Amino acid sequence: MANQNGDAQVVLVVNNQGPKGVNIGGWTSSQFGSNVTCADSVLNPGFQRGCFGPTITVPCNITYHNSVHLTVNGSTKIAPAPTFAKICS
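In the working numbering, the protein residues as written are 25 to 113.
Below is the structure:
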């Protein structure tokens, strides 16, 4: 996510559409420092949870690659998060 000032943060969002609760945890990883470890918790069916990395002011004209790491019931999967570039004139 980015704001109008070119500050950005990585967010891990989990939505449990399954029939039972799951144990979740994870972390975010970014090339610009918006990294955070997400607390382990139980996510019940029909609920959603977000884990927000810190908001960082990023330099101009660099493309940053990011990822989120989600652990569900002990199994970790990695997914790319959107790239981010703050374009300055």
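Ideal Cβ placement from N, Cα and C applies to all residues, glycine included. What you are looking at is a predicted structure, and each value in this text was computed from that prediction instead of being measured.
Quiz item: From this set, Val-35, Gln-55 and Gly-30, which residue's C-alpha is nearest Gly-49's C-alpha?
Solution: Cα-wise, what sits closest to Gly-49 is Val-35.
Quiz item: Cβ of Cys-112 within 7 Å of any heavy atom in the ligand NAD?
Solution: Because no ligand of any kind appears in the structure shown, any question about the ligand NAD cannot be addressed here.
Practice problem: Confirm, please, whether the CB-CB distance from Asn-47 to Asn-97 is below 8 Å. | Solution: Against a cut-off of 8 Å, the Cβ pair of Asn-47 and Asn-97 comes out as a contact.
Quiz prompt | For Ile-111, the three-state DSSP class (helix, strand or coil) | solution = Reduced to three states, the DSSP call for Ile-111 is coil.
Quiz item: Which residues in the same chain as Ile-86 place their Cβ atom closer than 7 Å to its Cβ, once the five residues preceding and following it in sequence are excluded?
Solution: Same-chain partners within the cutoff: Ala-109.
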